[in-house]
Every structure is written in C-alpha cells, then in structure tokens.
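Mapping of the sequence shown onto numbering that gives the first Met the number 0: position 16 corresponds to residue 15, and the numbering continues sequentially without gaps.
One structure is given here, and the rest of the page talks about it.
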Amino acid sequence: MFRDPHQLQEIRQSDNANNERFWKAWKEFGQNAAAICAQT
0 MFRDPHQLQE IRQSDNANNE RFWKAWKEFG QNAAAICAQT
C-alpha cells in the first residue's frame with residue numbers, strides 16, 4: 000500500500016464488502032499507529 004497509494008484509494012472507494020472490511024482495518028491501523036507515535 001505504501002508503494003501504490005492509488006491502489007489504496009481504489010479500495011477505499013470500492014463497494015466490495017471485502018474491500019470495505021480491509022479499509023476499516025487499515026484505517027484503525029493508522030489511528031493506532033498515530034496514537035502510539037504520539038506517546039513517544
């Protein structure tokens with residue numbers, strides 16, 4: 000995902016249920032990473 004941000008955008012805009020689950024998990028990952036980094 001880091002090498003091809005366009006692919007991530009395609010997943011985010013998709014109506015596919017698998018892509019929606021992936022997007023929710025990816026978004027949560029980003030929020031958790033930001034929270035951990037803010038603590039250091």
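We put the CB at the ideal spot given by N, CA and C, even for glycine.
Query	Result
When the Cα atoms are used, what is the spatial distance from W25 to D3?	14 Å
Following the continuous alpha helix (DSSP H) through N18, name the residue where it begins and the one where it ends.	16-37
From C36 to Q30, what distance separates their C-alpha atoms?	10 Å
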